[in-house]
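Participant: The structure that follows is given in the form of structure tokens.
Protein chains: 2
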Amino acid sequence: MVIGECSTSTAPRFFPMSRLRKDAAGILVRRLSLPRRSWASSKVQSFRTLAVRASNPLPAAVASEASAKVIDGKYVSKLIRDEVAAEVSRMKEAIGVVPGLAVVLVGERKDSATYVRNKKKACESVGINSFEVHLPEDSKEEEVVKFISGFNDDPSVHGILVQLPLPSHMNEQSILNAVSIEKDVDGFHPLNIGRLAMRGREPLFVPCTPKGCIELLHRYGISIKGKRAVVIGRSNIVGMPAALLLQREDATISIVHSRTQNAEEITREADIIIAAVGQPNMVRGSWIKPGAVIIDVGINPVEDSKSSRGYKLVGDVCYEEACKVASAITPVPGGVGPMTIAMLLSNTLTSAKRVHNFQ
Amino acid sequence: MVIGECSTSTAPRFFPMSRLRKDAAGILVRRLSLPRRSWASSKVQSFRTLAVRASNPLPAAVASEASAKVIDGKYVSKLIRDEVAAEVSRMKEAIGVVPGLAVVLVGERKDSATYVRNKKKACESVGINSFEVHLPEDSKEEEVVKFISGFNDDPSVHGILVQLPLPSHMNEQSILNAVSIEKDVDGFHPLNIGRLAMRGREPLFVPCTPKGCIELLHRYGISIKGKRAVVIGRSNIVGMPAALLLQREDATISIVHSRTQNAEEITREADIIIAAVGQPNMVRGSWIKPGAVIIDVGINPVEDSKSSRGYKLVGDVCYEEACKVASAITPVPGGVGPMTIAMLLSNTLTSAKRVHNFQ
Chain E
655 MVIGECSTST APRFFPMSRL RKDAAGILVR RLSLPRRSWA SSKVQSFRTL AVRASNPLPA
715 AVASEASAKV IDGKYVSKLI RDEVAAEVSR MKEAIGVVPG LAVVLVGERK DSATYVRNKK
775 KACESVGINS FEVHLPEDSK EEEVVKFISG FNDDPSVHGI LVQLPLPSHM NEQSILNAVS
835 IEKDVDGFHP LNIGRLAMRG REPLFVPCTP KGCIELLHRY GISIKGKRAV VIGRSNIVGM
895 PAALLLQRED ATISIVHSRT QNAEEITREA DIIIAAVGQP NMVRGSWIKP GAVIIDVGIN
955 PVEDSKSSRG YKLVGDVCYE EACKVASAIT PVPGGVGPMT IAMLLSNTLT SAKRVHNFQ
Chain D
655 MVIGECSTST APRFFPMSRL RKDAAGILVR RLSLPRRSWA SSKVQSFRTL AVRASNPLPA
715 AVASEASAKV IDGKYVSKLI RDEVAAEVSR MKEAIGVVPG LAVVLVGERK DSATYVRNKK
775 KACESVGINS FEVHLPEDSK EEEVVKFISG FNDDPSVHGI LVQLPLPSHM NEQSILNAVS
835 IEKDVDGFHP LNIGRLAMRG REPLFVPCTP KGCIELLHRY GISIKGKRAV VIGRSNIVGM
895 PAALLLQRED ATISIVHSRT QNAEEITREA DIIIAAVGQP NMVRGSWIKP GAVIIDVGIN
955 PVEDSKSSRG YKLVGDVCYE EACKVASAIT PVPGGVGPMT IAMLLSNTLT SAKRVHNFQ
């Protein structure tokens, strides 16, 4: 079923995002080092660097002759972490407050443990306090809720994250609903999603992965207003909020999903494509309008006999083909993946600033 | 500025829905009698009548030779009112409970007073109790909120509606937020909108006008799943929730708005068009794919020297041109307009049933 190379793929099949294994913050990426690429910041003519946000020009690697510029999420996420670290430090000095993120982990899943460890490390690296509760697999729902309530009441905690998936005997929705909206740094609370959808309303938090997608467009100076944007996938954690965010920025959005009959044709109309469907190499070169910008959220393991691990990670977009058509593209890994955790840190900082009215 | 006839229109200009004057339930229509049309129920071959819901076949008038079938909102809304009346009566007999709708009116606007009167009449006609508070223009925000709180606590009230617009010295958002989510029959609370947007979540109420649009499609047996749907307009009360509803029914949606650069081209891709922008005759025949189904939410007054009132009401779609291209279309008036109030009654009944766990 898994498609390793674009060239060997059969007709692409369309699967919902839910097939992907992901954690509560929508983090889909393993931390792999990017292949060395030539830094070509001088070639970034078409991407206005947002000097206000980043004093260094952003790097754009060129994958091959006449090919798309690479949107470097690893680099941008590093910039954001540095910015968060500076703000955390400034806040601590000014008012003596350190932002805190609490993670609730239930059960013994190794992948979940790894995600939680990575979040803890990321918090440490920027000076955010991290709190962790690890409960056994057979815990009762009420016990989990009790700990969440404790974090809700704890003024040193500014963000609460429940590591998903929860054990099957638990009601995910009622546990997530226990998280106070003021500390919902994942941004998945329906009240936050409703505010995101409504003009004139402001969500307290925006879900991390779609926020990371839009942040990449912003940091690379890619204009969104009036552009046609196609979001592939309509999951609650990526596709749907990504579409709402693009609409807030005045894009004309279309949402392609598993029931869409002419996904290729619709995608080809897009100036901006956000692919978040969890299907390796589904978006082929022929799906892409020349000059389009591609944000690839998918992180799919595919067989790779050349790798010592036996697999490699590819996106939802056939990178080799897309590079020849698009004007800019995020790589997999090293594109959207590292942005999710950076946005989580940023949301935690925002929460602490809001509570303490710190500008 | 106002365009009376499609044929005399200049290049269409695009204005946001907010230019329309509308009330809290998004009711844009005056109650005008429909011109007599020939009932041609035998010609409804392409529209499977939902016999489960309506025992009578639905009427479809044919406006002229080889033209679109008319989706008769006046008739469907009558069916729904009859269904609501039957359920209200059954509930009263079974458990002695009568649903109640409270309307809060502030100030002396004549149009608002008319809307409130119409809602009251509609309630009476189906056996729903109606409650009304009429406060003077110079009331304080706290006084309005006090009455809302009273209705929140009153078990005989199952729906609360604040008539908009409120006087300019009041904060609309904070007053609307005072309405308990369990009684938000308008469905405008961000928590309801968030649930509407999210897969696997259910809103307590769906906003009346977009719900009425989808209900018309259902009642006429028009399939939505897998269809391309274009929503023109992205207002909080119609366009945005209409798009979310269509997506819940597995349509592939695109949202066209004031910043869209090629609205005509995108609209022409649609199998289903919902126009809710408040611009008379904006959607011309050339915008419509042959065979498309059109739901026209706009109710725009345009000059009409032939009318004794000096004006007539037209939709956002040029009806004469659209009739020749579309397979089905809602007229203006008599299309979506009467559906809004029918959905308000239906939401109030739903609320009462939910509170009393009455199936």
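For the record, the sequence lines run as chains E and D. Residue numbering for the first sequence follows the numbering used here, beginning at 655 and increasing consecutively. Residue numbering for the second sequence follows the numbering used here, beginning at 655 and increasing consecutively. Backbone N, C-alpha and C define an ideal beta-carbon position, used for all residues, glycine too. Nothing here was measured: the structure is a model prediction, and the numbers come from that model.
Run through DSSP, which three-state label would E/F801 get?
Facilitator: helix
Participant: Between D/K1007 and D/Q1013, what straight-line distance do the alpha-carbon atoms span, to the nearest angstrom?
Facilitator: 7 Å
Participant: For the alpha helix (DSSP H) holding D/H872, just list the boundary residues, first then last.
Facilitator: C862 to R873
Participant: Once you ignore the five residues that flank D/V968 on each side, which residues in its own chain have a CB closer than 7 Å to its CB?
Facilitator: P934, N935, N954, V956 and V986
Participant: Measure the Cβ-Cβ separation of E/A617 and E/V892 and say whether it is below 9 Å.
Facilitator: Beyond the ends of chain E as shown, which are 655 and 1013, falls residue 617 of chain E; an answer cannot be given.
Participant: Distance check for E/S889 and D/C867, CA to CA, integer angstroms please.
Facilitator: Each residue's Cα considered, the two are about 25 Å apart.
Participant: With DSSP collapsed to three states, give me the class of D/V770.
Facilitator: helix
Participant: What's the call for D/I782, buried or exposed, on a 16-neighbour Cβ count within 10 Å?
Facilitator: buried
Participant: Select from the segment 855-874 of chain E all residues with a C-beta closer than 7 Å to any C-beta belonging to chain D, and list them in chain order.
Facilitator: R855
Participant: Where in the segment 969-1005 of chain E do unbroken runs of the alpha helix (DSSP H), each at least 4 residues long, occur, reported from the N-terminal end onward?
Facilitator: 973-977
Participant: Figure out for me which residue from D/I749, D/A996 and D/L820 has the closest Cα to the Cα of D/E778.
Facilitator: D/A996
Participant: Mind pulling the chain D residues with CB within less than 8 Å of E/P955?
Facilitator: Chain D residues near E/P955: none, gap ~25 Å exceeds 8 Å.
Participant: By the 10 Å Cβ neighbour count, where 16 or more other Cβ atoms means buried, how is D/Q827 classified, buried or exposed?
Facilitator: Per the 10 Å Cβ criterion, exposed.
Participant: Which residues, taken in chain order from the segment 838-851 of chain D, show a beta carbon closer than 9 Å to some beta carbon of chain E?
Facilitator: F842, H843, P844, L845, N846, I847, G848, R849, L850 and A851
Participant: Taking buried to mean at least 16 other C-beta atoms within 10 Å of its own C-beta, is E/S731 buried or exposed?
Facilitator: Burial call: buried.
Participant: Whose Cβ in chain D lies nearer than 9 Å to the Cβ of E/R888?
Facilitator: R853 and Q901
Participant: Using DSSP bridges, identify the partner residues of E/N846.
Facilitator: In the DSSP output, where bridge partners are listed per residue, E/N846 has none listed.
Participant: Suppose you measure from the CA of D/I949 to the CA of E/S981; what does that come to, to the nearest Å?
Facilitator: Approximately 38 Å, taken between the alpha carbons.
Participant: By the 10 Å Cβ neighbour count, where 16 or more other Cβ atoms means buried, how is E/S784 classified, buried or exposed?
Facilitator: buried
Participant: Is the CB of E/L898 under 9 Å away from at least one CB in chain D?
Facilitator: yes
Participant: For E/D950, which three-state DSSP category applies?
Facilitator: strand
Participant: Could you check whether E/P864 and E/P895 sit closer than 9 Å to each other, using their CB atoms as the reference points?
Facilitator: yes
Participant: When the Cα of D/V798 is compared with those of D/I907, D/D808 and D/V787, which residue comes out closest?
Facilitator: Selected option, being the one with the closest Cα: D/V787.
Participant: Please classify D/Q817 as buried or exposed, where buried requires at least 16 other C-beta atoms within 10 Å of its C-beta.
Facilitator: It is buried - the Cβ of D/Q817 has at least 16 other Cβ atoms within 10 Å.
Participant: Can you give the Cα-Cα distance for D/K654 and D/G989, rounded to whole angstroms?
Facilitator: In the structure displayed, chain D extends from 655 to 1013; residue 654 of chain D sits before or after that span and is not available.
Participant: Let me know the secondary structure DSSP gives E/V758 once reduced to three states.
Facilitator: Of the three classes helix, strand and coil, the one that applies to E/V758 here is strand, per DSSP.
Participant: Contact between the segment 870-885 of chain D and the segment 903-910 of chain D: three or more CB pairs below 8 Å?
Facilitator: yes
Participant: List the whole-angstrom C-beta distance separating D/C862 from D/D840, where the pair is believed to meet the contact cut-off of C-beta under 8 Å.
Facilitator: 7 Å
Participant: Here's a check: name, in chain order, each residue in its chain whose Cβ is nearer than 8 Å to the Cβ of E/L900, leaving out the five neighbours to either side.
Facilitator: Scanning its chain for C-beta atoms nearer than 8 Å, with the 5 sequence neighbours on each side dropped, one finds around E/L900 the residues I868, I878, A883, V885, I907, I926 and I928, in chain order.
Participant: Using only the alpha-carbon positions, how far apart do D/G804 and D/L789 sit?
Facilitator: 14 Å
Participant: Measure the alpha-carbon distance for D/L1003 versus D/S834 and round it to whole angstroms.
Facilitator: Cα to Cα, D/L1003 sits roughly 16 Å from D/S834.
Participant: What does the alpha-carbon distance come out to for the pair D/R849 and E/G932?
Facilitator: 24 Å
Participant: Can you tell me where the alpha helix (DSSP H) holding D/G893 begins and where it ends?
Facilitator: G893 to R902
Participant: Please determine, among E/A739, E/R744, E/V724 and E/V751, the residue with the shortest C-alpha to C-alpha distance to E/H1010.
Facilitator: E/V751
Participant: Please state the DSSP three-state secondary structure of D/S811.
Facilitator: Per the sequence presented here, residue 811 of chain D reads as Val, with Ser not at that position. It is coil, neither helix nor strand.
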